[in-house]
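K.L.:
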Amino acid sequence: MSRYLRIIMWVLFLAALFVAIAYFLPGTVVVERSTVIQASPKTVYAQIVDLHQWNKWSRWNQMDTTMKVEYKNYGVGQGAGYSWESQNKNVGSGAIEITKAKPFESIELSLNFMQQGNALSNFVLTSKNDSTLLQWTLSYDVVNNPFARWFGLMMPKYIGADFEYGLTRIKALSQAIEEAQDYVVLLQETQAINYAGIRETVPFIEISLKMGEMYGEISGFLASKQLEMTGMPFAMYHLMNEEDIDLECGIPIAEVVEGNNKVMTASLPALTCATVDYYGDYTNLQDGHAAIQKWMEAHGFALSGAPLEFYITDPGQEPDPEKWLTRICYPVEQ
């Protein structure tokens with residue numbers, strides 16, 4: 055047998071052995087990393103469920119800052135996603151979609167790496183005292199490709215390093231937000247409610263006085279009808295100009311009943327809103343409104359209804375104004 059023939063036979067034998075061993079290797083590769091973040095689950099969740107934020111922490115997004123990105127469903131929340139195209143061979147092209155989002159608890163994603171196949175990823179958030187345990191997992195099915203199975207042995211090392219980079223960035227970003235007490239804007243669903251309310255056009259300079267009068271009138275109406283509040287008071291800002299505002303004040307009730315010549319009853323449907331939780335007295339509420347307006351413009355959302363303020367904290371029960379919570383909600387088009 056010639057030398058060259060023996061070499062060819064050894065090459066074929068090694069190739070066959072390479073393929074045979076490959077099928078004993080795992081068909082699914084799992085990469086998992088975690089970190090503890092000194093921030094609330096809400097703040098951490100907002101950095102992940104808003105895909106625009108990935109440019110600030112994802113290793114892959116930062117490998118090519120010129121890559122073409124096209125967002126789906128505004129890039130925020132369940133059903134949102136984006137596709138990317140890059141000339142960088144380490145980035146390539148693909149698409150990502152949020153398949154499930156459970157606020158402040160978990161986010162599941164599907165990833166399409168085109169010729170490289172598909173993968174599933176998820177983030178799990180667990181509250182731990184004043185911190186958040188964030189776990190990031192990726193599951194990649196290498197199926198029957200022997201080369202992919204061998205490569206899968208190295209994936210935990212290389213992708214794990216990218217995970218560690220991303221988690222470190224999410225941690226720094228989330229902690230900086232809470233340290234600076236910056237506003238966190240989230241896309242959330244409000245519940246449908248029945249309410250008793252009053253709508254009037256009032257001068258800006260009299261808004262506090264008028265709101266007090268309107269809530270007093272509504273409370274008197276509830277007492278006359280023997281109705282109980284089923285939620286905290288809220289206000290809707292329909293239209294405004296430099297001097298006046300079309301204001302509606304409401305108090306949730308169990309069911310719609312007949313109103314009178316001053317107080318009406320109606321239903322407010324469930325809404326998808328850009329929301330901010332504002333803590334403090336009511337003098338600087340406009341700062342929370344400005345944060346939402348800036349966020350909506352950056353993400354391409356359009357306002358679809360009157361902005362709302364839900365006054366979650368009762369000042370009569372909480373004497374410290376710094377602990378008063380007002381949830382500001384801007385209905386958005388979907």
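Read in order, the letters of the sequence shown correspond to residues 55 to 388 in this note's numbering. Glycine included, every Cβ here is placed at the ideal spot set by N, Cα and C.
1. Write down the C-beta distance between residue 415 and residue 386 rounded to the nearest angstrom, noting that I regard them as a contact closer than 8 Å.
2. Among residues of its own chain, excluding the 5 on either side of residue 147, which ones have a beta-carbon nearer than 8 Å to its beta-carbon?
3. Could you have a look at residue 288 and say whether DSSP puts it in helix, strand or coil?
4. Go ahead and label residue 391 buried or exposed: buried means 16 or more other beta carbons lie within 10 angstroms of its beta carbon, across all protein chains shown.
5. Residue 246 and residue 276: beta carbons closer than 8 Å?
6. Tell me, please, which residues DSSP counts as bridged to residue 256.
7. Are three or more beta carbon pairs between the region 352-371 and the region 278-296 nearer than 8 Å?
8. Helix, strand or coil for residue 144? Go by DSSP, reduced to three states.
9. From this set, 359, 110, 314, which residue's C-alpha is nearest residue 324's C-alpha?
10. Who pairs with residue 104 in a beta bridge, going by DSSP?
11. Bridge partners for residue 177 per DSSP, in chain order?
12. Where does residue 219 sit, in a helix, a strand or coil, going by DSSP?
13. Give me the residue from 150, 180, 187, 185 with the minimum Cα distance to residue 174.
P.N.:
Result, derived from the coordinates:
1. Since the displayed the chain opens at 55 and closes at 388, residue 415 lies outside it and no answer follows.
2. The residue given as residue 147 occupies position 93 in the sequence shown. Excluding sequence neighbours, residue 147 sits near 137, 138, 139, 140, 168.
3. Taking the first residue of the sequence shown as 1, we reach residue 288 at position 234. Three-state DSSP puts residue 288 in a strand.
4. What the structure shows of the chain is the stretch from 55 to 388, and residue 391 is not part of that stretch, so it cannot be assessed.
5. The residue labelled residue 246 in the question sits at position 192 within the sequence shown. The residue labelled residue 276 in the question sits at position 222 within the sequence shown. Contact flag unset, no.
6. The residue labelled residue 256 in the question sits at position 202 within the sequence shown. Beta-bridge pairing links residue 256 to 299.
7. yes
8. Taking the sequence shown and counting its residues from 1, one reaches residue 144 at position 90. Looking at residue 144 - three-state DSSP - the assignment turns out to be coil, as it is neither helix nor strand.
9. Taking the first residue of the sequence shown as position 1, residue 324 is located at position 270. Closest in alpha carbon position to residue 324, among 359, 110, 314, is 359.
10. The residue labelled residue 104 in the question sits at position 50 within the sequence shown. 130, per the DSSP bridge assignment.
11. Looking up residue 177 in the sequence shown gives position 123. Residue pairing by DSSP places residue 177 opposite 161, 190 in a beta bridge.
12. In the sequence shown, counting from the first residue as 1, residue 219 sits at position 165. Reduced to three states, the DSSP call for residue 219 is helix.
13. Walking along the sequence shown from the start, residue 174 turns up at place 120. Nearest of 150, 180, 187, 185 to residue 174, Cα basis: 150.
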